[in-house]
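All the letters of the sequence shown, read from the start, carry residue numbers 654 to 719 under this note's numbering.
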Amino acid sequence: MLLLAYLLDREGVYYDPVHTAEVLSIAGSVPIYSVWDFNCNHGIVIGVMTSGYLLGEAAANLAMAY
């Protein structure tokens, strides 16, 4: 299973990604993968992940350069 960063359903209900990862890992019997590092230590198989912090830092550096 690949857990992506969908935070709202079509009714506008918010789903916390960390809580979602924990619930899925307890309920499921298959490995769960994610592309975001904030899901680490919450039942996710660790591999190559994107850091939201580092992306924000890079965006800030680009913005300050212009």
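Idealized CB from N, CA, C, for every residue including glycine.
Everything numeric in this text was worked out from a predicted model, so none of it was measured.
Query                                                                                     : Result
Reduced DSSP secondary structure (H/G/I, E/B, other) of Ser682                            : coil
Integer-rounded CB distance, given that Val688 should sit under 8 angstroms from Thr673   : In fact, because the Cβ distance is near 14 angstroms, the residues do not count as touching under 8 angstroms.
Between the CA atoms of Ala718 and Pro664 - distance to the nearest angstrom              : Rather than Pro, the amino acid found at residue 664 in this sequence is Glu. Their Cα atoms are separated by approximately 40 angstroms.
Secondary structure of Val671, DSSP reduced to three states                               : helix
Buried or exposed by the 16-neighbour rule on C-beta atoms within 10 Å, applied to Ser678 : buried
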